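Its first residue numbered 72, the sequence shown is counted upward by one per residue in the working numbering. The beta-carbon is built from N, C-alpha and C at its ideal position, and this holds for glycine as well. Treat the numbers as computed from the prediction; the structure is a model and nothing was measured.
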Amino acid sequence: MAVGSFIDVPKNLLKEIEHLEQLFTIETKKLKEITDHFVNELEKGLSVEGGSIPMNPTWVMSFPTGYETGTFLALDMGGTNLRVCQITLTDQKSEFDIIQSKYRLPEELKTGEADELWEYIADCLMQFIETHHGDVSKLDKIPLGFTFSYPATQNYIDEGILQRWTKGFDITGVEGHNVVPMFESALSRRGVPIKLSALINDTTGTLIASAYTDPKMKIGCIFGTGCNAAYMEDCGSIPKLAHLNLPPETPMAINCEWGAFDNEHKVLPRTPYDAKIDSDSPRPGQQAFEKMIAGLYLGEIFRLVMVDLHEKDETRIFENQDISKLQRPYSLDSSFLSSIEEDPFENLSETADLFRNQLGISPNSAELELIRRTAELIGTRAARLSACGVAAISKKKGFKECHVGADGSVFNKYPNFKARGAAALREILEWPDKTDPNEEDPIEILAAEDGSGVGAALIAALTLQRVKQGNMHGILHPENFS
Ligand code: BGC
């Protein structure tokens, strides 16, 4: 929507809309500049010196063939919920059966004590096993893939030294430590019959699960509470692993942890609202890219804009109204913005209802226009920036044609996210206009298979297969084999 199309919007608000458009719009030239810097930063992360983007080797060293079999548990500890799944990879190529239960991850656990978190997780797992298997005392240990979606250093596939919490988590005593022994001791205290086979990032799971059913999948992405991507690198292009003397063509899935892109603030066009999100977060200076894109932050960016425009003398939106609800940090999530963008009515009556019901605020029609435009700008910026990451991996790897598997609430539910991302990718990679609207893009971002469930089970299966074949890289300590 262009500014000119707003009717009955007073001059001061029009000016403000124009200002917001300047702040949040990212033109093609800038997208390209961000992408080029991104490519360099991906390389830097793989180097011995390292950079902001961790580029974590995951010890996932092959794609599935589609013929993997077995029954596995998967635990998904993302950012919002806990999920436990039992996945059976069947004899039919690329087929699986899944049963699953979701558990709420209580808000207080995210900033509480580590023990409480692990005990809660162990309880959920126990409940799941008792429901589906009955008496646990008679069970052999079931192999589990643990999807732990935070940046973790892995020297082995069943290790994860937490680099830092993201997505608003702030539990003391975990950063810098291997989370696996903490998790396992909670399981053994409870007598939960589980053997952890692999610790997995949700992006790596997404990559592997998507490649299981579609061999064109080359990148796995999450656009959800957090954002990130994984792809398959060859060991010869990972200087920081050179000391292991792995054959150069050996594949190694890399969990980029691209949320940390541009923590130095060299290229991203941050607004004062982004700066405030960062300084008020539990980890200032971290996850600069993620804080402009991910679902956890979109509603908060919007809220900060609204509060600012209420306080500014030039605009004074919602004048003489009680904005105490709006003043509560993180009171709006990204579904609030989705609802605004989805309002089908010309007079934005659903948006007005939303403001009234959730915030106790009654916006006038000009304010409603401003609200809608702000949501569009924030949502569009997120989708366009996301495309820079996909373009950067594709450029780095020389992918001209491939599929990208994407999952997460923002990708799946935020209106127009996919189309806006695809348009930005076209601009960055300079594809000619489509002649046929049904034509596939050379690099197409598609809905992924369930990475944290099926992907985790597949990675557990691939790991057990490697053990059987005696390929113990990343499973045994390097000194224990040659
Ligand atoms: C985490 C990543 C994760 C992403 C999506 C980020 O905050 O650091 O490990 O893949 O969120 O869940």
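For residue i, list the residues DSSP reports as bridge partners.
| i | result |
| --- | --- |
| G291 | A301 and G476 |
| P322 | D305 |
| E515 | H474 |
| R154 | D147 and K173 |
| A168 | Reading off the sequence, residue 168 comes out as Asp, not Ala. DSSP output for D168 lists T159 as bridge partner(s). |
| E184 | T243 |
| I213 | I265 |
| A223 | L233 |
| I394 | BP columns for I394 are empty, so no partner. |
| T142 | T159 |
| H562 | Residue 562 lies beyond the range of the chain shown here (72 to 553); nothing can be said about it. |
| L270 | F217 |
| N249 | I232 |
Kindly list the residues whose CB is nearer than 7 Å to the CB of residue i, restricted to its own chain and excluding five residues on each side of it in sequence; keep chain order.
| i | result |
| --- | --- |
| I432 | F389, Q392, I394, L397 and F426 |
| E104 | V338 |
| N334 | S123, G356, Q357 and A359 |
| Y227 | W130, G545 and I546 |
| G183 | I242 |
| K471 | P513 |
| A494 | none |
| S308 | L117 |
| K287 | C473 and H474 |
| F109 | F332, C459, G460 and A463 |
| I449 | F95, L369, I372, F373 and L408 |
| T445 | L91, F373 and V376 |
| G137 | K164, S165 and Y283 |
Between residue i and the rest of its own chain, which residues show a CB-CB distance below 6 Å, the 5 nearest in sequence each way excluded?
| i | result |
| --- | --- |
| F77 | E440 |
| T284 | S165 and E520 |
| G479 | I293, F294 and G295 |
| A454 | F488, R491 and G492 |
| V245 | A185 and L233 |
| R261 | A193 and M197 |
| D404 | G370 |
| G150 | K238, T296 and G297 |
| K181 | F240 |
| T451 | R491 |
| P343 | none |
| Y174 | L153 and C195 |
| R537 | none |
| S259 | none |
Spatial neighbours of residue i within its chain, please: C-beta separation below 8 Å, excluding the five flanking residues on both sides.
| i | result |
| --- | --- |
| G75 | With a pLDDT of only 46 at G75, under the threshold of 50, the placement of this residue in the model should not be trusted, and no figure is reported. |
| F407 | G370, F373, L425 and Q429 |
| I279 | V131, F134, P135, G291, A324, G522, G526, L529, I530 and L533 |
| A378 | What sits at residue 378 in the sequence shown is Val, not Ala. Answer for V378: I394, L397 and Q398, listed in chain order. |
| I442 | M377, I411, L419, T422, F426 and P434 |
| L312 | P128, C306 and M323 |
| K266 | K212, I213, P214 and L215 |
Using beta carbons (cut-off 8 Å, strictly below), is residue i in contact with chain C?
| i | result |
| --- | --- |
| N316 | Looking at the structure shown, chain C is missing, and only one protein chain is on hand. |
Verify the contact flag: residue i, CB atom, against every heavy atom of the ligand MG, threshold strictly below 7 Å.
| i | result |
| --- | --- |
| E361 | Here the bound small molecules are the ligand BGC; the ligand MG is not part of this structure. |
Three or more C-beta pairs closer than 8 Å, one from the stretch 525-535 and one from the stretch 267-274: is that the case here?
yes
Could you tell me whether the stretch 206-216 touches the stretch 175-191, where touching means 3 or more Cβ pairs closer than 8 Å?
no
What runs of the alpha helix (DSSP H), each 4 residues or longer, lie entirely inside the stretch 91-131?
99-117
Going residue by residue through the stretch 326-382, where are the continuous alpha helix (DSSP H) segments of at least 4 residues, counting only ones entirely within it?
343-351, 361-364 and 366-382
Three CB pairs or more closer than 8 Å across the stretch 246-253 and the stretch 296-305
no
Validate contact between the stretch 469-481 and the stretch 284-295 using beta carbons, cut 8 Å, 3 pairs
yes
Complete runs of the alpha helix (DSSP H) confined to the stretch 398-454 [at least 4 residues]
405-413 and 420-425
So does the stretch 479-493 actually touch the stretch 405-417, counting three or more Cβ pairs closer than 8 Å?
yes
Between the stretch 111-122 and the stretch 309-327, can you find at least three pairs of beta-carbon atoms closer than 8 Å?
yes
Can you give, in chain order, each stretch of the beta strand (DSSP E) that sits fully within the stretch 490-537 and has at least 3 residues?
514-518
Quick check: the stretch 225-238 against the stretch 118-132, are at least 3 beta-carbon pairs closer than 8 Å?
yes
Quick check: the stretch 448-467 against the stretch 80-97, are there 3 or more CB pairs under 8 Å?
yes
Between the stretch 167-178 and the stretch 139-156, can you find at least three pairs of beta-carbon atoms closer than 8 Å?
yes
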